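Residue numbers (this note's numbering): 52 to 1015.
For every residue, glycine included, the Cβ atom is placed at its ideal position computed from N, Cα and C.
Every value quoted in this text rests on a predicted model; they were computed, and no experiment measured them.
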Amino acid sequence: MLADQEGSTRRLVRGLLGDIHKVGQGAPEQVLNAVTAQRIQSLPMGFRTEEFKTLLRDFCLVLLARKAEIPTTIPPEARQSWLDANRPGWKDALPLRIESAAAESLLHEAVRSENSLGRDTIASRHLVRVEDRWVPKLRIAHTAELPDWMLGLGDPRIRSLRFLPDTDLAQQAPGLVLSAYKEPGDKVWEVHRDSAGRRAEFTMPLDAPVSFRLMAEGQLKGTHVPPGCDALSDDDMPTVWSAEDLSPNGTVQSLRKLGSSAQKTKAPNLWVLVQGGAAKFEDLETVEEGRIGPAKLWRVTGKGVVITPAGRLPIITGAEEEATDSLLASGVHVPGLRDTSRSEFMQGIPVFHALTADGTGRRLTRAQMRWRPLGQKIWKNGLPAPTTCLGTHQFCWKDEGGAARAFATVRLLPENAQVALADCGDGFLECRVSGLPAGTVVSLGSEVSGVVPTHGTLTLRMGDAASAMGRIPLHIRPAEGGARAFDATLPRPGDRGYFIDAEDHILQEDIELDLGSLRGWRIVAPTDRNAELRIRLQGDHTPRQPILLGVTNETSLGTLLPRLRGLMAIGGPDSELRMRVLIGASQSQRIKLRRHLRNGDWADGGFTLGPDNGNVDPGGLEIEAANLSAPSLSARISALQPGEDPMPLLPEHPGPWMFFARDAGGLVRPPRPIQKTVAEAPVTAPHFSEEFLSCGQHPRRNDRLAAFGRALRRLIEPHGMGDLGVFEQQLDDLGDTEALSSLDSVVALSHAPDLAALLLLRAAPDTLGARLELETVSPFSWTTLPLSAWRHALQTHASSLFMQLSASGLPESDAKSFSQQAIVHRLRQLVDRRPEISGQLFSAAMDTDLLPALVKVCPPPLALNNPEKTLADCAQSAIKKHEAARQPFPLRSSHAPALFKTFFDGFRGLLDAPLIAAEHVLELLPTPPDTETAIALLYYRLHDPDYFETAMPAAIALIRSKTK
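In structure tokens:
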């Protein structure tokens, strides 16, 4: 069992290390016992003993203590060897004996893995105590492992995915991006939170659904609702929550949602959230602990049943074992149709799985299920008919004795039903309904209703009274004996695309926004038409050729933030983007996007917005105060009114301090940095050298950028490592804000490509995503970073790691081996996240003698074997894919294969783009590229990522072979 890479014990130890790290090694014993007991439920019955639970808990505690002693500079691959060299006999002190090769393998994996919590879900709902109330929150895991069946993709060829937030999550967490990868033949996806936002917790109302759009190769492949993240309504079953975070005095600070399921726990208490407030508790001790909207939260103790109008829920606390199984429904979603909570409908009867605590899913049979339409009291065995299921249904999984185990609420449409809107073009909308049960009443808006006849087809027409709304309301009342009537919405039909604001209103006139005010904005477009977002960069009073991004209906503008920031980085700090939605010849109103619409300043000792002082939220401004000398002293001020002096709220240090302010209205352009007068000796903290700080004293911005560029290039040398560590802390501390784009030292990274590459190699696992997004705040691109920069960075990092490991007591051969392993594993991560740069990474590895180690963990791109044939094949595929449509940017490479001359000249821009990028990488063209070329390359990389990712490694190999 230990030898199996996906065996239960191996998964259990990884998960338990994360659980204990999350609750804290000093957590009360009952909390540690509870998380351990929850994990061992995945093991065979013989291992679920009190003795084994204690042994496993103590093993993880000791292992976490030893891992905490390892310096952070030691790469994961070398951690066990560091312990062997510096903590002799440490294995002998472990509660579990390490005697077999399988056990040794498990130990090595546990030591090298990160402690950050890696659950079997990417998101979980929490209730967090804030003073005397509970606030609903959503926590996003840094890493997670999702079984293949949970995503339901149906295409085994897909190996990489991007999870982009949908609906309400896109409003609360704009810019959030997760990446998922799996090896061929694997059944588990490894998911990482990759966005620059370091925050992993967001306010999320319980009645708002949490869902992600699954994107592969730029195409929408489906949606994913993490288990337990469905929207809660007044009619839902009670939900059970467990304690997760404790304060030093033992007060529960956070509850995690377990689900609507029978619960058995060794913990002394559970919490039950009852929608609508009405509940009876049979044989349970209860204490009311507050309200969350209309719902009541109860702390329960004992063995009994929660009884509500929605159903009965058995609860046992202080039990001898843990049972936290839940019920998960998966199936095909109806495009566009959502209920009033913005939850999606499923087409036909979904597939049901019993989901255990360790992520194992077991498909349930019809005989194990019960169901009832919402609003009815009687449960029926089996599943409803797929041809008549309409509306909200509740499902129950029953055990062998017939007792209820878990519940799920699902919104259904019959398997052959269609509900669609059409724009008649004469001022009327037409609703076409088919496949619904006879007798169903459908209302379109508040104007017109109809009854579905026996043949099941109904057509309704209404005047476009909701002309300003992005979605059109429907009301559906199922036939007698069916589920309760419900409200739903469909996207506005027609041949036009629209921008929709957070209030669901269509943008009807041009508007100016800043990057901080895109929350809630989205694009609505017909589901059967190709829609594009046209973005034109305006910088230095020079209009640029626009780029076109393919978008789908309900695309959140927040998910496009990394691309929008990247364009603004190319254009400079005062650039703006002009955006319209295009469908054929029609176009939407325009959004003019800037980094800031309001300017900060200093007046009479206070922070002011000048004429915009009255244009601030009543709660004031949220301030990120960055200490430009000692980044670790940077501070956040939760509320500051215009005119108030923020200095008394900051640490006693002169700075200089730079203030980044925002409110719901967006971002404020930071005023000039300012010094704080300190009466006593300033607090001490790691700080930049005077030489580095002096770069910011030039009056002209171009001079500051040039000076910082020279300083940054020196950071890669040994004598610059002190400033490098402080610089990295500044990047990581400000990585979840717009602040980095305003720091000249960061913008100047375009003048120091060797350092930019080194920053990726040195990044900690939880900051790699933010480091990759440095190209969105500085005018450079990883795609065109010179090969010489990668080569220099690899040499520098290998030398640095080798010296660190040698100094820590490792033998020279081990130090060299582990430093190489650490580097090639990072290169593998970069190839996974940015496949188009694999050519330069493999070339740099070959030039620095790292290639033999790299190919052991990462197969080289097939394009490197026969690059000219690969380019020709890819080009022909791209021509068919895009039907040889004329491309907007006329790029031409002198190194293109001869076959390219036979292709349509107007299509050559896309075909030659990877070759032009490769010429910049190999410094046959200036680097970084000029503005027009940078925009063109960004456009083509986003326009056809599949072609670019395959063709660019081939382009690198072809041009290197021609220019040697």
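How is residue 854 classed by DSSP in three states: helix, strand or coil?
helix
Return the residue from the list 443, 339, 315 and 720 that minimises the CA-CA distance to residue 324.
339
Could you spell out where the alpha helix (DSSP H) holding residue 445 opens and where it closes?
Looking at the DSSP string, residue 445 is not in any alpha helix (DSSP H); the run it does join, the beta strand (DSSP E), is 442-449.
Cα-Cα, which of 448, 841 and 412 is closest to residue 423?
448
Roughly how many angstroms lie between the CA atoms of residue 725 and residue 809, to the nearest whole one?
31 angstroms
If residue 707 sits next to residue 679, beta carbons under 8 angstroms apart, how far is it from one beta carbon to the other, in whole angstroms?
Contact flag correct, Cβ pair sits at about 5 angstroms.
To which residues of the same chain is residue 519 closer than 8 angstroms at the C-beta, ignoring the five residues directly before and after it?
556, 557 and 559
Would you kindly work out how many angstroms separate the C-alpha atoms of residue 553 and residue 572, rounded to a whole number?
5 angstroms
Can residue 993 and residue 964 be called in contact, C-beta distance under 8 angstroms?
no
Give the range of the alpha helix (DSSP H) segment to which residue 622 is assigned.
612-622
Coarse secondary structure for residue 214, derived from DSSP in three states:
Strand, per DSSP.
Determine the burial state of residue 815: buried for a count of at least 16 other Cβ atoms within 10 Å of its Cβ, exposed for fewer.
exposed
Short of 8 angstroms in beta carbon distance, which residues of its chain neighbour residue 1090, apart from the five on each side in sequence? Order them along the chain.
Outside the displayed span of the chain (52 to 1015) sits residue 1090, for which this structure offers no information.
Residue 263 (DSSP reduced to helix, strand or coil)
For residue 263, the three-state secondary structure derived from DSSP is strand.
Taking C-alpha atoms, which residue in 918, 220, 878 and 789 lies nearest to residue 676?
789
Does the pairing of the region 901-910 with the region 924-944 give three or more beta-carbon distances under 8 angstroms?
The region 901-910 makes no contact with the region 924-944: fewer than 3 CB pairs, one atom from each, lie closer than 8 angstroms.
Three-way DSSP call (helix, strand, coil) for residue 772 in this model
helix
Which of the three DSSP states is assigned to residue 331 in this structure?
strand
Within its chain, find whatever has a CB closer than 7 angstroms to the CB of residue 777; leave out the 5 residues flanking it on each side and keep chain order.
682, 737, 738 and 739
Taking its Cβ as the centre, do 16 or more other Cβ atoms sit within 10 Å of residue 772, making it buried, or is it exposed?
exposed
Span separating the alpha-carbon of residue 859 from that of residue 865
Straight-line Cα distance between these residues: approximately 11 angstroms.
Give the DSSP-derived three-state secondary structure of residue 534 in the structure shown.
coil
Along the chain, which unbroken stretches of the beta strand (DSSP E) at least 3 residues long are found entirely within the region 393-432?
395-398, 402-406, 412-414 and 420-424
Counting Cβ pairs, one atom from each stretch, are 3 or more of them under 8 angstroms apart for the region 837-850 and the region 888-903?
yes
Assess, as a yes-or-no matter, whether the region 224-243 is touched by the region 129-138 under the definition of 3 or more beta carbon pairs within less than 8 angstroms.
no
Can you list, in chain order, the residues of its chain whose CB lies under 8 angstroms from that of residue 812, leaving out five sequence neighbours each side?
844, 845, 848, 874 and 877
Within this structure, are the beta carbons of residue 646 and residue 792 separated by less than 8 angstroms?
Against a cut-off of 8 angstroms, the Cβ pair of residue 792 and residue 646 comes out as a contact.
Could you tell me which uninterrupted beta strand (DSSP E) segments, each at least 3 residues in length, are contained entirely in the region 351-392, listed from first to last along the chain?
362-367, 377-381 and 384-390
Are the Cβ atoms of residue 353 and residue 375 separated by less than 8 angstroms?
no
Please report the straight-line C-alpha distance between residue 602 and residue 581, rounded to a whole angstrom.
8 angstroms
Please report the distance separating the alpha-carbon of residue 883 from that of residue 118.
27 angstroms
Assess, as a yes-or-no matter, whether the region 472-484 is touched by the region 500-515 under the definition of 3 or more beta carbon pairs within less than 8 angstroms.
Flag = yes, the region 500-515 and the region 472-484 touch.
Residue 15 - DSSP class collapsed to helix/strand/coil
No answer is possible for residue 15: the residues shown for the chain start at 52 and end at 1015.
Whole-angstrom C-beta distance between residue 380 and residue 259, which should lie under 8 angstroms:
With 8 angstroms as the limit, residue 259 and residue 380 do not qualify as a contact, their Cβ atoms being about 19 angstroms apart.
How about residue 541 and residue 525: do their beta carbons lie closer than 8 angstroms?
yes
Is the CB-CB distance between residue 305 and residue 177 below 8 angstroms?
yes
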